[in-house]
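Enquirer: In terms of full-length UniProt numbering, the sequence shown opens at residue 1 and continues consecutively. C-beta atoms are modelled at their ideal positions from N, C-alpha and C, and glycine is treated no differently. Treat the numbers as computed from the prediction; the structure is a model and nothing was measured. Submitted below is the structure of interest, expressed as structure tokens.
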Amino acid sequence: MEKLTNKEEEVMHILWKLEKAFVKDVMAEIKSEKPHYNTLSTIIRKLEDKGFVAYNAYGKTHQYYPIVTKEAYRQKFMNTAINNYFNNSYKNMVSFFAKEEKISVDDLKEIIALIENEK
Numbered sequence: 001m002e003k004l005t006n007k008e009e010e011v012m013h014i015l016w017k018l019e020k021a022f023v024k025d026v027m028a029e030i031k032s033e034k035p036h037y038n039t040l041s042t043i044i045r046k047l048e049d050k051g052f053v054a055y056n057a058y059g060k061t062h063q064y065y066p067i068v069t070k071e072a073y074r075q076k077f078m079n080t081a082i083n084n085y086f087n088n089s090y091k092n093m094v095s096f097f098a099k100e101e102k103i104s105v106d107d108l109k110e111i112i113a114l115i116e117n118e119k
């Protein structure tokens with residue numbers, strides 16, 4: 001599974017949310033600057049080529065749906081990020097966020113409690 005571009009990820013988030021959508025439905029959900037219809041259609045076709053989406057054909061119109069789950073993509077992306085940026089260490093990742101003050105002591109205690117309850 002390859003990493004998606006920012007625009008491809010944005011489209012995938014919309015498809016994960018909608019579950020099935022025509023290009024016009026995806027366009028309606030885009031909050032940032034809207035691409036041209038043909039550009040968006042090309043992005044979705046590239047996602048199909050990459051194996052992320054499939055479609056049902058209704059005449060000349062296609063209704064697209066994700067075939068890669070959000071959870072599967074998140075797991076792959078997070079594992080790659082942890083490996084590439086934190087030397088494959090979850091401790092280094094949590095330490096980074098603690099130093100950046102992106103995670104509180106209460107959050108850390110809650111994570112520890114979750115881990116201990118899983119044992």
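1. As a quick exercise: from K20, L4, E116, pick the residue whose alpha carbon is nearest that of P66.
2. If you measure between the beta carbons of V11 and I43, is that distance less than 8 Å?
3. According to DSSP, is V68 part of a helix, a strand, or is it coil?
4. Distance check for I112 and A81, CA to CA, integer angstroms please.
5. Please name the residue, chosen from Y37, D25, K31, E48, that lies closest to L4 on a Cα-to-Cα basis.
6. Buried or exposed: I115, going by 16 or more other Cβ atoms within 10 Å of its Cβ?
7. Do E100 and K50 have their C-beta atoms closer together than 8 Å?
Expert: Taking the definition as stated:
1. Position 66 of the sequence shown, counted from the start, is the residue given in the question as residue 66. The shortest C-alpha separation from P66 is found at K20.
2. What you label residue 11 is simply residue 11 of the sequence shown in a count that begins at 1. What you label residue 43 is simply residue 43 of the sequence shown in a count that begins at 1. Contact flag set, yes.
3. What you label residue 68 is simply residue 68 of the sequence shown in a count that begins at 1. Reduced to three states, the DSSP call for V68 is coil.
4. Along the sequence shown, read from residue 1 onward, the residue named residue 81 stands at position 81. Along the sequence shown, read from residue 1 onward, the residue named residue 112 stands at position 112. Approximately 22 Å between the Cα atoms of the pair.
5. For the purposes of this step, residue 4 is taken as the residue at position 4 of the sequence shown. Selected option, being the one with the closest Cα: E48.
6. For the purposes of this step, residue 115 is taken as the residue at position 115 of the sequence shown. Under this definition I115 is an exposed residue.
7. Your numbering for residue 100 matches position 100 in the sequence shown. Your numbering for residue 50 matches position 50 in the sequence shown. The Cβ atoms of E100 and K50 do not sit closer than 8 Å to each other.
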